[in-house]
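All residue numbers for the sequence shown refer to my numbering, where the first residue is 1279 and numbers rise by one.
Ideal placement from N, C-alpha and C gives every residue a C-beta, glycine not left out.
Worksheet: the structure to be examined is printed underneath.
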Amino acid sequence: MATRTVSRAGPAPPDEVWERYARPALWSRWAPQIRRVETGADRIAPGLRRRVWSYAGVRVRFVVERVDEAGRVWSWRVALGPLVLRLRHEVLAAPDGGSGTRLTVSGPLPVVMLYRPVAAWALGRLVASGR
């Protein structure tokens, strides 16, 4: 198992960035690897489980493990067959009124390393204004 962290900063206000995380219907707007999300819920909450569709027919199961709305932190477990990743997301306020986000990914080293550039791209879009 390996753990790696990816961080990005941008002009979007922290509350706006948090809402982009907290509402699964918005994930595909900033995460180019996500085509659609099936949740049956408007917001993330502990125990929420369903599926995320990517491209080329890839469909992964997920379960939200923890949500701290006040601290703007959440974590989830994503599985594709026996392959499991754990992801922890944080939204931080920046002194200039913008925000930062930090993602910590844990899982098999090759998968974590392959996912890092995709995650970095998505996080950059997440903290950008108007996405």
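Residue i, DSSP secondary structure in three states
i	result
Leu1387	helix
Gly1378	strand
Ser1407	coil
Arg1282	strand
C-beta atoms of residue i and residue j nearer than 8 Å
i	j	result
Val1369	Trp1308	no
Trp1354	Tyr1299	no
Leu1358	Arg1286	no
Thr1382	Thr1283	yes
Ala1334	Leu1326	no
Pro1291	Ile1322	no
Leu1363	Thr1379	no
Gly1385	Gly1288	no
Residue from the options with nearest C-alpha to residue i
i	options	result
Met1279	Ser1285, Tyr1393 and Leu1387	Leu1387
Leu1361	Arg1337, Gly1349 and Ala1348	Arg1337
Arg1394	Arg1329, Val1330, Leu1365 and Gly1378	Leu1365
Residue environment, residue i, which counts as buried when at least 16 other CB atoms sit within 10 Å
i	result
Ser1407	exposed
Arg1314	exposed
Residue i at chain B interface by Cβ criterion, 8 Å
i	result
Trp1354	The structure shown contains no chain B; it is built from a single protein chain.
Could you pull out every unbroken beta strand (DSSP E) segment of at least 3 residues lying fully inside the stretch 1314-1372, listed in chain order?
1314-1316, 1327-1331, 1337-1346, 1351-1358 and 1361-1371
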